[in-house]
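Reading through the structure tokens given below for one structure.
There are 2 protein chains.
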Amino acid sequence: MIHTLQVTSEKFAYDVVTGRGGWRALRRFPLATYSSVFVLSEKPLWKRWGSTYLRESDLDQARTQARTVLVPSGEGSKAMGMVEVVATQLLKGGADRRSLLIVFGGGVVGDLGGFVASTYMRGIDYVQVPTTVVGQVDSAVGGKTAVNVGAMKNLVGTFYPPRLVVAEPLVLSSLSGRAFRSGLYEVVKHAILAGDPFFGQLEKSLDSLHPQNTRLLEPMLASAVAVKVGVVNRDEREAGLRLVLNLGHTFGHAFEEATGYSRFLHGEAVGWGLLTATRLAERLRLLAPDEGERIARLVRRVGPLPPIRDLPPAKVLKLLPQDKKAIGGKIRWVLPERVGKVKVVADVPVKEVAAALKTVSDK
Amino acid sequence: MIHTLQVTSEKFAYDVVTGRGGWRALRRFPLATYSSVFVLSEKPLWKRWGSTYLRESDLDQARTQARTVLVPSGEGSKAMGMVEVVATQLLKGGADRRSLLIVFGGGVVGDLGGFVASTYMRGIDYVQVPTTVVGQVDSAVGGKTAVNVGAMKNLVGTFYPPRLVVAEPLVLSSLSGRAFRSGLYEVVKHAILAGDPFFGQLEKSLDSLHPQNTRLLEPMLASAVAVKVGVVNRDEREAGLRLVLNLGHTFGHAFEEATGYSRFLHGEAVGWGLLTATRLAERLRLLAPDEGERIARLVRRVGPLPPIRDLPPAKVLKLLPQDKKAIGGKIRWVLPERVGKVKVVADVPVKEVAAALKTVSDK
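Keeping their order, the protein sequence lines are chains P and S. If you're matching positions, the first sequence starts at 1 in our numbering and goes up one per residue. If you're matching positions, the second sequence starts at 1 in our numbering and goes up one per residue.
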């Protein structure tokens, strides 16, 4: 079942196509208007899925063969040095301002590829083909691109919308169970934002969601990406509303940073972040305990999380204000008020934040 | 005499202020709306002019002191590695999404600073304070930013307009004679595009233009930047018209690259590029010989140019099609038809290009 949603960006509208057979959407894309086509991907992923993708998308039938640029898997590729490597490869392959870049991969390749597309010769068109849950429901939509600088994630980046996003759940079948579940925390985040019926459907189906079970996944992924599309359509450049997508991420980033990005998958850190934000909202009496419990229960059902108990709270707290969404040093917290509603709150007392962290860590 | 021109960018309009006292324009800029202010500059330049600038702009009176980030002088700073260095400095200094970056310097700092501003936390506001002739009449206006990748100049960059450009001719008084004259080639380029009366005025005053003679410079700089503003206002993103600014640059870049960027200042290479484009236009019977001679005479009067005679023509010609403005491998030549009019021509036979190069080299 193919779902197509439209994102209205500042300059143009583009489709987000989800569902089995989604890769075929490229057949209706005006490939012939580009001088050449390049695919950016990561090595093992492309080895596993490249030929399927080329066949499904009809790229293997194209007038001029798509050239492939492969980068190593892993966060290390999301770096300025890799931008140089990829740009150099594109140049060597003859990419010019009218070339198209197809970005085939997870969050790392998606963010890197989007950044390269936005800056190569001051910007070329690109297509996002996300291959992870987070990519499919969140990061590939909306045009946020970034690379890391030193220890600071996403310090350098752009807002640069893709021309098309195609999310094919089939590709998720090769994810490890852990990687798959990590992405589900972001699905839960979207369900908290959207509320019922999505939240309720997720409560019902969560235990049956498996990487191989792509049929059952389809409607959940479609609902989750619809949340993202809705938010982006109302706030492309994060002037305000888009901040709600940061739910669970303020603490999430701190947990990742406190552990040198080695302990948690991103979604797992967001899982802890969702739990902490929920407790913080309860402490501030924004959120009723039964609603808080409903949220926390769904988060915990996703799967086991690597521990945070051993992290020195002072260290975690110190890492908070460097969050990019801070303005003038103040953290703007995104906190649930109930399932389906969040609130942005500044001036949250540090002692409340610390207490919320303690409650979650001690469990 | 202060001239203010307005550039209408896609998202907002901004002023380009030229003339003696121009730095004071910052006093009317809404500095108080920013969370913090940073100045990016290069070491010797800031040492010479920093205190004057801070006083003139009233930045030394500001509520919060502007922090300074200094990079080494020279093209080497226009690199991805330096983007990381500057971004890290900004982060350490507490720059957030609402910070303002003032970019105080020549082409290198201008391009680097614009790129950093466009990508730091996905984009912060910036002000251009160009301190070279080329910067003041050309590169600081229009929002083109870039860094080099390997041997490829400006391979990575963005279109990202500044919030204000202030061009104070006083700062040109510390330029070397050679650096100053190098910039005059770009002024001549603009005069070729604009035609009379500007071209004629430049013919009259050229010999009296000196770095220290800022009063006489003022009207020439104002006329030259008006050409750039006019073109940018009609074509911000280089869809077509803006290409005319590339006059002299297709060959210019090849001359620079063929000599490893060590022999020519950028404007000098453009000087040779203007001469070659003029001869090429004559060969193609686009340009009458007397008009061609009028252009060539003005270019030659700017000053002595480092030789190109020893450059192997095959090497120079081979470097041409990598020009960024090429689409599908074809060079789009910008060629003068007369003083005040240029034409964009594709499909120029290589032998004509080679012959034009030979004519100019042999002189």
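Note that the Cβ used here is the ideal one computed from N, Cα and C, for glycine as well. Please read these numbers as outputs of a predicted model, since none were measured by experiment.
In the three-state reduction of the DSSP assignment, S:L284 falls in the coil class. The stretch 239-259 of chain P and the stretch 272-280 of chain P touch, with three or more beta-carbon pairs separated by less than 8 Å. Contiguous beta strand (DSSP E) elements confined to the stretch 38-97 of chain S occur at 67-71, taking only those with 3 or more residues.
When Cβ-Cβ separations below 8 Å define contact, S:G150 makes contact with chain P.
Distance from the CA of S:F199 to the CA of S:R283, rounded to the nearest whole angstrom, comes to 23 Å.
Against P:G123, the close residues of chain S are T158 and F159, in the order they occur along the chain (beta-carbon pairs closer than 8 Å). Rounded to the nearest whole angstrom, the C-alpha separation of S:G303 and P:K78 is 47 Å. Proximity of S:K144 to chain P, defined by a Cβ-Cβ separation below 8 Å, is satisfied. In the structure shown, P:F255 adopts helical secondary structure according to DSSP, grouped into three states. The Cβ of S:E256 sits no closer than 8 Å to any Cβ of chain P.
The criterion of a C-beta distance shorter than 8 Å is not satisfied by P:G150 and P:L40. Taking 8 Å as the upper bound for CB-CB distance, P:V334 and P:V244 are in contact here, some 6 Å apart.
Counting along the chain, no alpha helix (DSSP H) covers P:F29, and no H or E run does either.
With a threshold of 8 Å between beta carbons, P:E84 makes contact with chain S.
Using a 10 angstroms sphere on the CB of P:L91, the tally of other CB atoms reaches 16 or more, which defines it as buried. The DSSP-derived three-state label of S:V17 is strand.
Secondary structure at S:N213: coil, using DSSP grouped into helix, strand and coil. In this structure, S:F12 is the residue among S:L320, S:R332 and S:F12 with its C-alpha nearest to the C-alpha of S:R163. For a cut-off of 8 Å, the C-beta gap from S:L175 to S:P211 is around 5 Å, short enough to register as a contact. A Cβ-Cβ distance of about 5 Å is found for the pair S:V171 and S:T131, placing them in contact under the 8 Å criterion.
In the structure shown, P:I295 falls within a helical segment according to DSSP collapsed to helix, strand and coil.
Around P:P306, the same chain offers R263, F264 and E268 as residues with beta carbons nearer than 7 Å, after the five sequence neighbours per side are excluded.
Judged by beta-carbon spacing, P:D58 lies beyond the 8 Å limit of P:R98, meaning their Cβ atoms are not closer than that value. Apart from sequence neighbours up to five positions away, the residues of its chain that approach P:S73 with a beta-carbon distance below 8 Å are E42, K43, P44, L45 and V108, ordered along the chain. DSSP, read as helix, strand or coil, puts S:A167 in strand. Residue environment: P:K228 is assigned as buried (16 or more neighbouring CB atoms within 10 Å of its CB, all protein chains considered). For S:Q201, the enclosing alpha helix (DSSP H) has its first and last residue at F198 to S205. Relative to the Cα of P:Y34, the nearest Cα in the group P:Y14, P:Q128, P:E352 and P:I102 belongs to P:I102. Three or more Cβ pairs drawn from the stretch 286-293 of chain P and the stretch 335-344 of chain P lie within less than 8 Å of each other, which places the two stretches in contact. In summary, the residues of the stretch 21-55 of chain P whose CB is separated from some CB of chain S by less than 7 Å are S35, in the order they occur in the chain. In this structure P:L216 is exposed. Its beta-carbon is surrounded by fewer than 16 other beta-carbon atoms within 10 angstroms.
DSSP places S:R309 in the coil class of the three-state scheme, outside both helix and strand.
Listed along chain P, no residue sits closer than 8 Å to S:T64 by beta-carbon distance, the nearest being about 10 Å off. Contact check for P:L317 against P:L286 fails: the beta carbons are separated by 8 Å or more.
Within chain P, the C-beta atoms nearer than 8 Å to that of S:S118 come from T158, in chain order. At least 8 Å separates the beta-carbon of S:R122 from that of S:G93.
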